[in-house]
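There are 2 protein chains.
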Amino acid sequence: MQTNNVTIHDIAAALKIDSSTVSRALNNSPRVTQKTKQRIWAKAQEMGYQRNVLASNLRKNKTNTIGVIIPRISRFFFSSAIEGIEETAFENGYNVIMCQSLEKLERETNLVQTLVANRVDGIILSISMETLDYEHMELARKNGIPTVFFDRHCDIPGNNNVLLNDYQGSFDATDHLVSQGCRNIAHLAGPRDLKLYQNRFNGYKEALEKNGLPFQPDLVIDSNLMEEDGANAAQKILETLPQVDGIFSANDVAAVGAMQFLKGKNIKIPDEIAIVGFSNGPTSSVIDPALTTVDQSGKKMGRLATELLIKQINAKPIPLAPETIILEPTLIQRDSTQKKPTIHPNT
Amino acid sequence: MQTNNVTIHDIAAALKIDSSTVSRALNNSPRVTQKTKQRIWAKAQEMGYQRNVLASNLRKNKTNTIGVIIPRISRFFFSSAIEGIEETAFENGYNVIMCQSLEKLERETNLVQTLVANRVDGIILSISMETLDYEHMELARKNGIPTVFFDRHCDIPGNNNVLLNDYQGSFDATDHLVSQGCRNIAHLAGPRDLKLYQNRFNGYKEALEKNGLPFQPDLVIDSNLMEEDGANAAQKILETLPQVDGIFSANDVAAVGAMQFLKGKNIKIPDEIAIVGFSNGPTSSVIDPALTTVDQSGKKMGRLATELLIKQINAKPIPLAPETIILEPTLIQRDSTQKKPTIHPNT
DNA sequence: GAAAATAATACAATCGATTGTATTTTATTT
DNA sequence: AAATAAAATACAATCGATTGTATTATTTTC
Chain A
123 MQTNNVTIHD
133 IAAALKIDSS
143 TVSRALNNSP
153 RVTQKTKQRI
163 WAKAQEMGYQ
173 RNVLASNLRK
183 NKTNTIGVII
193 PRISRFFFSS
203 AIEGIEETAF
213 ENGYNVIMCQ
223 SLEKLERETN
233 LVQTLVANRV
243 DGIILSISME
253 TLDYEHMELA
263 RKNGIPTVFF
273 DRHCDIPGNN
283 NVLLNDYQGS
293 FDATDHLVSQ
303 GCRNIAHLAG
313 PRDLKLYQNR
323 FNGYKEALEK
333 NGLPFQPDLV
343 IDSNLMEEDG
353 ANAAQKILET
363 LPQVDGIFSA
373 NDVAAVGAMQ
383 FLKGKNIKIP
393 DEIAIVGFSN
403 GPTSSVIDPA
413 LTTVDQSGKK
423 MGRLATELLI
433 KQINAKPIPL
443 APETIILEPT
453 LIQRDSTQKK
463 PTIHPNT
Chain B
123 MQTNNVTIHD
133 IAAALKIDSS
143 TVSRALNNSP
153 RVTQKTKQRI
163 WAKAQEMGYQ
173 RNVLASNLRK
183 NKTNTIGVII
193 PRISRFFFSS
203 AIEGIEETAF
213 ENGYNVIMCQ
223 SLEKLERETN
233 LVQTLVANRV
243 DGIILSISME
253 TLDYEHMELA
263 RKNGIPTVFF
273 DRHCDIPGNN
283 NVLLNDYQGS
293 FDATDHLVSQ
303 GCRNIAHLAG
313 PRDLKLYQNR
323 FNGYKEALEK
333 NGLPFQPDLV
343 IDSNLMEEDG
353 ANAAQKILET
363 LPQVDGIFSA
373 NDVAAVGAMQ
383 FLKGKNIKIP
393 DEIAIVGFSN
403 GPTSSVIDPA
413 LTTVDQSGKK
423 MGRLATELLI
433 KQINAKPIPL
443 APETIILEPT
453 LIQRDSTQKK
463 PTIHPNT
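Chains as they are written, first to last, in the numbering used here: chain A, 123 to 469; chain B, 123 to 469.
Quick look at the structure:
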């Protein structure tokens, strides 16, 4: 194994001083006189010294690394969250180890182990759809590694969370549909095992009730909210639920799938059926008509999660009281819900 | 600093054996008898032992970590590339450290330093728009860290690359526009400093020539290919280049921007102006009419880049001959270029 | 059953930086 | 100039696992 790397010992030998002095000089410790520092810095430069972070980390028992586990990077929401995470981490001198659970609990468990073994200073996590118990997080807790959940969280107490007020977002979305005149609003729901989708469902339901509309269980269509699921849901609606005049989808992807299907069947959006999505993903503003949606501000969540995590890391070994940050969502109104005021035809 | 962590020495002491035997047992070395292994494994489990990967890495001078530097995670192409990188890395027991250059050379330089200091086993890189010289890559080379460029590469010899045949993709795209009857095809070009955009430009130009069409420099509109740039280009075309009947954009984002603008001006796509993009991003299939585009297969590139990198890592210390993998692009034909066969009106 | 061969385990150095303590050097005071 | 204080540097242990070599225990061979 080639190790042509320069160490502090090499520098020390070259200058006939002790390696501890070299170490202190390189860390700009006040215990080394300026003159000596200059010599050491010059020599280090000359010899092409590069600190071995592994050795440093081992000794200091700190890696300046944050581990991130998310279901899937290529989803827009997650990639924008990571963007925020990476930027904040970089600003604070942390590296980011990126992992995907691919919605599998087994992989997630595996990854937590790897991150713990790698002694990351903290973990940011958005759980997989399969994650119903949280035993695997015990490992991080036992090893004193602070953890922050974002978006897809779990409801065990004592956690740090950065969340969107999904309930409110859905409430607003549904309320908006009602205000546009919709009376039979279908809901494309995600797996209710996830708190997040449960909250979106609740927001939908309670917005109906608050507006004096009946909650109709058969208007709730469950799926994993893929594009195809949206299309299937739309088909089901056309074939068996003719009364539906509005759709609130728990994500944009399914909403787009539904829209594409409806457009293919020449259904007028929003006039016959109005649609609202959730996420404000890149497709929502591009589709025609543009999709009304709830902004999920992934980058901001990533930023906040990282800031919270670093706060917890710095507080070690006495952990701060766990904190939950809840972002208020914004409804982005676009054409998929702007029903034209009803005008009598032929006048 | 709390270090309530169990080490191999603790296990050794508990069993009154030597730590080296424990280490070998945990690594399932044949030098330890099965019976002893069993005892050690049981004790390790019982004491909640977790290998300290830092120490192991330091000793072995290997981190099982790959560093990735890309311009921006939230771009669809890059996030899908990372998806492929992470999956392949995971399968091979590697972790991935993720970094964004945010299109800044300074940050990129900084990140290479960090990765080298962290002794990553290899680096996967897609350079920033500012990266015109490659001195910062010397550091990786000098430290014997294998590197693979993907998509945005540089043309210094001796590099490993995983690239798309951008020339061919653009050629096919332009050729397709010609075959649809376009005779004055504008090109939304990216920064020509990047080899990749130069290749796309060349493909465009040569496809024209091959079809006996004149190359008209004023039909090339340079920009950074943001959505707004696409819109501006479209405006310029409407105002000053009325002869244009087709647009080949060097990416989807600008193509979408242009389309939105043209649609706003009631220009018929593809009949008045046909459009082709590049990337096959998520918006291309959603926009109306759906955008014809060149598939960039980010995930596949990520996979291949990682496989190539791991091959190079395993070949150490004698590096394999550098390899360049070029993927052939696929033109995805959609409605933005399907001109209806010309039929005389009113017949 | 002694000698040789093999298996199993112990010893000790090492990876490279950090850090508490000890020692030497320099500066200050009387 | 001696005594004290303060500054600068050296010594040595340490982080936790790995690994070449040495030693002890066991098995095989004649």
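Every residue, glycine too, gets a C-beta built ideally from N, C-alpha and C.
query	result
For B/Glu257, count neighbouring C-beta atoms within 10 Å of its own C-beta (all shown protein chains included) and say buried if the count is 16 or more, exposed if not.	exposed
Kindly list, in the order they appear in chain B, the residues whose Cβ is closer than 9 Å to that of A/Ser248.	Residues of chain B passing the Cβ test: none, with the nearest at roughly 15 Å.
Please list, in chain order, the chain B residues whose beta carbon lies closer than 8 Å to that of A/Met259.	Near A/Met259 there are no residues of chain B at all, since even the closest Cβ is about 15 Å away, more than 8 Å.
State the CB to CB distance for the pair B/Ile207 and B/Ser201, rounded to an integer number of angstroms; the pair is presumed to be in contact (CB under 8 Å).	Wrong, their Cβ atoms sit about 10 Å apart, outside the cutoff.
Any beta carbon from chain B within less than 8 Å of A/Asp410's own beta carbon?	yes
Please state the DSSP three-state secondary structure of A/Gln460.	coil
Please classify B/Leu254: does DSSP put it in a helix, a strand, or coil?	coil
In chain A, what lies closer than 7 Å to B/Ser145 by C-beta?	In chain order: nothing, as chain A lies at least about 15 Å away.
What would DSSP say about A/Met220, mapped onto helix, strand or coil?	strand
Go through its chain and collect everything with a Cβ distance to A/Gly403's Cβ below 6 Å, but skip five positions before and after it.	Phe198 and Asp374
I want to see whether chain A comes within less than 8 Å of B/Pro467, judged by CB atoms only; does it?	Interpretation of B/Pro467 is limited by its pLDDT of 45, a score under 50 that renders its predicted location unreliable; no figure is taken from the coordinates.
State the Cα-Cα distance for the pair B/Glu260 and B/Thr231, rounded to the nearest angstrom.	10 Å
Count the other CB atoms within 10 Å of the CB of B/Asp93; is the residue buried (16 or more) or exposed (fewer)?	With chain B running from 123 to 469 in the structure shown, residue 93 of chain B is simply not present.
Report back the beta-carbon spacing between B/Leu310 and B/Ala380 to the nearest angstrom; my notes put them in contact at under 8 Å.	7 Å
Could you check if A/Gly386 is buried or exposed, using at least 16 other CB atoms within 10 Å of its CB as the buried criterion?	exposed
Measure the CB-CB distance between B/Phe370 and B/Leu316 and report whether it falls below 8 Å.	no
Please state if the CB of B/Pro268 and the CB of B/Gly244 are separated by a distance shorter than 8 Å.	yes
Name the residues in the segment 223 to 246 of chain A whose C-beta lies less than 9 Å from a C-beta of chain B; which are they?	Leu224, Arg229, Asn232, Leu233, Gln235, Thr236, Leu237, Val238, Ala239, Asn240 and Arg241
Is the beta carbon of A/Lys165 sitting closer than 8 Å to the one on A/Leu137?	yes
In chain A, what lies closer than 9 Å to B/Cys221 by C-beta?	Glu208, Phe212, Asn217 and Val218
Measure the CB-CB distance between A/Thr428 and A/Ile188 and report whether it falls below 8 Å.	yes
What first and last residue would you give for the beta strand (DSSP E) that runs through A/Phe323?	Careful: A/Phe323 lies outside any beta strand (DSSP E), inside the alpha helix (DSSP H) at Lys317 to Lys332.
Looking only at C-alpha atoms, which of B/Ala295, B/Met423 and B/Ile133 sits nearest to B/Gln455?	B/Ala295
Quick check on the burial criterion: 16 or more other C-beta atoms within 10 angstroms. Buried or exposed for B/Ala135?	exposed
What residue range is occupied by the uninterrupted beta strand (DSSP E) comprising B/Asp344?	Val342 to Asp344
Under the DSSP definition of a beta bridge, which residues are partnered with B/Phe272?	B/Val284
Of all the beta strand (DSSP E) runs that stay within the bounds of the segment 373 to 431 of chain B, which reach a length of 3 or more residues?	396 to 398 and 415 to 417
Using 8 Å as the Cβ pair cut-off and three pairs as the minimum, do the segment 349 to 360 of chain B and the segment 320 to 332 of chain B touch?	no
Check whether chain A comes within 8 Å of B/Asn179, counting only Cβ atoms and requiring the distance to be less than that.	yes
Just grab the DSSP bridge partners of A/Gly266 for me.	For A/Gly266, which the question treats as bridged, DSSP gives no partner whatsoever.
Residues in the same chain with beta-carbon distance under 6 Å from B/Asn321, minus the five sequence neighbours each way, listed in chain order, please.	Asp288 and Tyr289
Which partner residues of A/Leu449 appear in the DSSP bridge assignment?	A/Leu286
Which term fits A/Asn468, buried or exposed, when burial requires 16 or more other beta carbons within 10 angstroms of its beta carbon?	Bear in mind that a pLDDT of 45 at A/Asn468, under 50, signals an unreliable position, so the number given afterwards is only what the model happens to contain. With fewer than 16 Cβ atoms within 10 Å of its Cβ, A/Asn468 is classed as exposed.
Going along the chain, which residues of its own chain have a beta-carbon closer than 6 Å to the beta-carbon of A/Leu318, five neighbours each way excluded?	Arg274 and Asp288
From the DSSP output, in three-state form, read off A/Leu247 for me.	strand
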